[in-house]
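Peer 1: Next up is a structure, given as C-alpha cells.
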Amino acid sequence: MAKIYHESLDGLRALAVVIVLLAHGGSPYPISGGVGVDVFFVLSGFLITGVLSSEATAYGRVSLRNFYARRVLRLTPCLLLTCALVVTLSWWFESAQPSTALVCAISYTSNWAMALYGTDLGALGHCWSLSIEEQYYLMWPLVIVTLEHKVKDGTALKGLLLACLALLASLYRCSVVGSYSAERIYYGLDTHMDGLVFGSALHYGVQLIRERGGFSLACSRAFSRVVVPFAAVGLLLIMRLLAWWHPWMGKLGFTLVACAACVLIVDVTCSPASLLQRPLASFAFKWTGKLSYGIYLYHYPLFHAVDSVLAPAPLLVLLGVKVIATVALATVSYFLVEIRFLELKRFFQPEPLRSDTEDAVRTSTPNET
111 MAKIYHESLD
121 GLRALAVVIV
131 LLAHGGSPYP
141 ISGGVGVDVF
151 FVLSGFLITG
161 VLSSEATAYG
171 RVSLRNFYAR
181 RVLRLTPCLL
191 LTCALVVTLS
201 WWFESAQPST
211 ALVCAISYTS
221 NWAMALYGTD
231 LGALGHCWSL
241 SIEEQYYLMW
251 PLVIVTLEHK
261 VKDGTALKGL
271 LLACLALLAS
281 LYRCSVVGSY
291 SAERIYYGLD
301 THMDGLVFGS
311 ALHYGVQLIR
321 ERGGFSLACS
331 RAFSRVVVPF
341 AAVGLLLIMR
351 LLAWWHPWMG
361 KLGFTLVACA
371 ACVLIVDVTC
381 SPASLLQRPL
391 ASFAFKWTGK
401 LSYGIYLYHY
411 PLFHAVDSVL
421 APAPLLVLLG
431 VKVIATVALA
441 TVSYFLVEIR
451 FLELKRFFQP
461 EPLRSDTEDA
471 VRTSTPNET
C-alpha cells in the first residue's frame, strides 16, 4: 500500500495551529481562529482519504476495526489528558466541575451541543472541531470503499465526484445563511464538512497529477509564483476582514478558505518550483506540526488559566506565557504518553505493513489530527 509522507504538510499544520493560538491568545490579528481550523479540516480530509483509498485499492476493502482502533490510539489519550487538565484547573480555581463539557468532549458531540443548544463548554469549547472530524470519520470509510469499488481506474472521476459533493455541501450551507444561526452553521457537521470533503477530493487530484507525470517546469513556476501567492493573500485578507460568525463566511468564506488550503497542499506536494516546501519542512515548522494536535487541545484550558492568573499583564507577556506553557505541555505529553500509544498502531495496520513500524507511525502520526 503506497504511503507518501511530506514533511511540509507538518509545516502547513504548524501554520494552522499558530493562527488558532494567535486568535485565542488575544491578538488583534487574526480576528478569529476559524481559518486555522478550516485548514486543519482540509488537511485531515486529504490525508485520511489517502490512507483509506490506498488500503481499499491494495486489499479490496478497508478494515473498519483497524481504522477506528488507529483513530482511538491517536486521538483519545491526548483528549483524556486535556479533560483531566480541565478538571484539575477547575478544582484549583475552585470553579464548578465541567461535567456537561466533559461528557460532550469525550463523546465527540461538542459541536451539536453548541450548534443546537448554544451550550457554553468553557475550557473544552474547542473540542467541537474534533467532534466534526470524528463524525466525519464514522461515515467516510464507507464512502471511500464504495467509490473505489464502483469507479474502477477512474482517478479523475473519483476526484470530480467528491469535488461535486463538496460544492453541494457549500451550496447547502449558503442556502441556510440567514435561516440558521451563525453557531448552527459553524458547529454543525452538515454545514461545516465541505472543507473535509474538498480535502478528500484533493487526494485524487494530487494522485492524478502524479499519474500524469507531475507538473511541467513552466506550469510549476506559474502555479507557485502566481496561484499560490494569490491564495495566500486571500487567506490573509479573510483573517483580517471576516470572523467565523460573519454571514459572508457561511456564504462564501469557508469555501474560499478550503480552496486556498487545497492550493497550498498541491504546491508543497506536487510543485518542484514551490517556494513554501523547504521552509515548511524546516525543523521548527515540522516539529510544531508534529505537536499540533496536543498544542490545539491543551492551549484552550491553559489560555483560560493564564488569563485568570495574569490578566492585567500586557498582551505580549500573556501571549508569550500562554504559548510557552502550551508547547511545553504538548512536548511532555507527546514523549511521555502519546508516542507510546502511537507505537501500538502497528498492530492495526494491514499485514504487509506490520514490519514497517517506523514508517507507519511516521506517516500516520502527523497526518491524523
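Just so you know, the sequence shown maps onto residues 111 to 479 in the working numbering. The beta carbon of each residue, even a glycine, is placed where N, CA and C say it ideally should be.
List the DSSP bridge partners of tyrosine 290.
Peer 2: Taking the sequence shown and counting its residues from 1, one reaches residue 290 at position 180. BP columns for tyrosine 290 point to Val287.
Peer 1: CB-CB under 8 angstroms to tyrosine 444, same chain, minus the five flanking residues each way: which ones, in chain order?
Peer 2: By 1-based counting over the sequence shown, the position of residue 444 is 334. Counting only Cβ-Cβ distances below 8 angstroms, and skipping sequence neighbours, we find Lys400, Leu401 and Gly404.
Peer 1: Quick one: Cα of phenylalanine 150 to Cα of threonine 186, how far?
Peer 2: For the purposes of this step, residue 150 is taken as the residue at position 40 of the sequence shown. For the purposes of this step, residue 186 is taken as the residue at position 76 of the sequence shown. If you take the alpha carbons of phenylalanine 150 and threonine 186, they lie about 18 angstroms apart.
Peer 1: Roughly how many angstroms lie between the CA atoms of proline 424 and arginine 181, to the nearest whole one?
Peer 2: Locating residue 424 in the sequence shown gives position 314, counting from the first residue. Locating residue 181 in the sequence shown gives position 71, counting from the first residue. Roughly 40 angstroms separates the two Cα atoms.
Peer 1: Under a Cβ-count criterion, where at least 16 other Cβ atoms within 10 Å of its own Cβ denotes burial, should tryptophan 202 be classed as buried or exposed?
Peer 2: Position 92 of the sequence shown, counting from 1, holds the residue named residue 202. With fewer than 16 other Cβ atoms within 10 Å, it is exposed.
Peer 1: Run through the segment 179–244 for me and flag every whole alpha helix (DSSP H) of 4 or more residues, listed as ranges in chain order.
Peer 2: 209–216 and 220–227
Peer 1: So which of Ala211, Gln245, Tyr246 and Ile216 has the shortest CA-CA distance to threonine 229?
Peer 2: Translated into positions along the sequence shown, residue 229 becomes position 119. Ranking the options by Cα distance to threonine 229, first place goes to Ala211.
Peer 1: Thinking leucine 272 and serine 310 are a contact (beta carbons under 8 angstroms), I'd like their distance in whole angstroms, please.
Peer 2: Here the question's residue 272 lines up with position 162 in the sequence shown. Here the question's residue 310 lines up with position 200 in the sequence shown. The pair is a contact, with the Cβ atoms about 5 angstroms apart (cut-off 8 angstroms).
Peer 1: With distances taken between CB atoms, is the gap from valine 172 to alanine 166 smaller than 8 angstroms?
Peer 2: Looking up residue 172 in the sequence shown gives position 62. Looking up residue 166 in the sequence shown gives position 56. Yes, the pair counts as a contact, with Cβ atoms nearer than the cut-off.
Peer 1: Determine the direct distance from the alpha carbon of threonine 265 to that of glutamate 321, and round the result to whole angstroms.
Peer 2: Sequence index remark: in the sequence shown, residue 321 carries index 211 (1-based). Sequence index remark: in the sequence shown, residue 265 carries index 155 (1-based). Those two C-alpha atoms are separated by around 9 angstroms.
Peer 1: Can you list, in chain order, the residues of its chain with a C-beta nearer than 8 angstroms to that of glycine 363? Leave out the 5 residues immediately preceding and following it.
Peer 2: Within the sequence shown, residue 363 is the residue found at index 253, counting from 1. If we look at glycine 363 and ignore the five residues flanking it on each side, its Cβ neighbours are Ile348, Leu352 and His356.
Peer 1: With 16 as the cutoff for other CB atoms within 10 Å, does glutamine 207 come out buried or exposed?
Peer 2: Counting from one through the sequence shown, the residue named residue 207 turns up at place 97. Exposed, by the Cβ-count rule.
Peer 1: So, at 6 angstroms on beta carbons, what are the nonlocal neighbours of alanine 233 in its own chain, with the 5 sequence-adjacent residues on each side left out?
Peer 2: Stepping through the sequence shown from its first residue, residue 233 is reached at position 123. Taken in chain order, the residues that qualify are Val196, Tyr410, Pro411 and His414.
Peer 1: Over what stretch of residues does the alpha helix (DSSP H) that includes isoleucine 141 continue unbroken?
Peer 2: By 1-based counting over the sequence shown, the position of residue 141 is 31. Per DSSP, isoleucine 141 belongs to no alpha helix (DSSP H) and is neither H nor E.
Peer 1: Is it buried or exposed for isoleucine 254, if we count other Cβ within 10 angstroms and need 16 for buried?
Peer 2: Here the question's residue 254 lines up with position 144 in the sequence shown. Buried: at least 16 other Cβ atoms inside 10 Å.
Peer 1: Which runs of the alpha helix (DSSP H) fall wholly inside the segment 397–430 and span at least 4 residues, in chain order?
Peer 2: 402–420
Peer 1: Between the alpha carbons of leucine 122 and cysteine 237, how many angstroms are there, rounded?
Peer 2: Within the sequence shown, residue 122 is the residue found at index 12, counting from 1. Within the sequence shown, residue 237 is the residue found at index 127, counting from 1. Each residue's alpha carbon lies about 21 angstroms from the other.
Peer 1: Would you call threonine 301 buried or exposed, if buried means 16 or more other Cβ atoms sit within 10 Å of its Cβ?
Peer 2: One-based indexing of the sequence shown puts residue 301 at position 191. That one is buried.
Peer 1: How far does the alpha helix (DSSP H) with methionine 349 in it extend, from its first residue to its last?
Peer 2: Start at 1 with the first residue of the sequence shown, and residue 349 comes out as number 239. From DSSP, the alpha helix (DSSP H) with methionine 349 extends over 338–351.
Peer 1: Methionine 224 and glutamate 293 - do their beta-carbons sit closer together than 8 angstroms?
Peer 2: Residue 293 sits at position 183 when you count from the first residue of the sequence shown. Residue 224 sits at position 114 when you count from the first residue of the sequence shown. Yes, the pair counts as a contact, with Cβ atoms nearer than the cut-off.
Peer 1: Where glycine 135 and valine 427 are concerned, what is the direct C-alpha to C-alpha distance, given to the nearest angstrom?
Peer 2: Within the sequence shown, the letter at position 25 stands for residue 135. Within the sequence shown, the letter at position 317 stands for residue 427. Cα to Cα, the separation comes out at about 11 angstroms.
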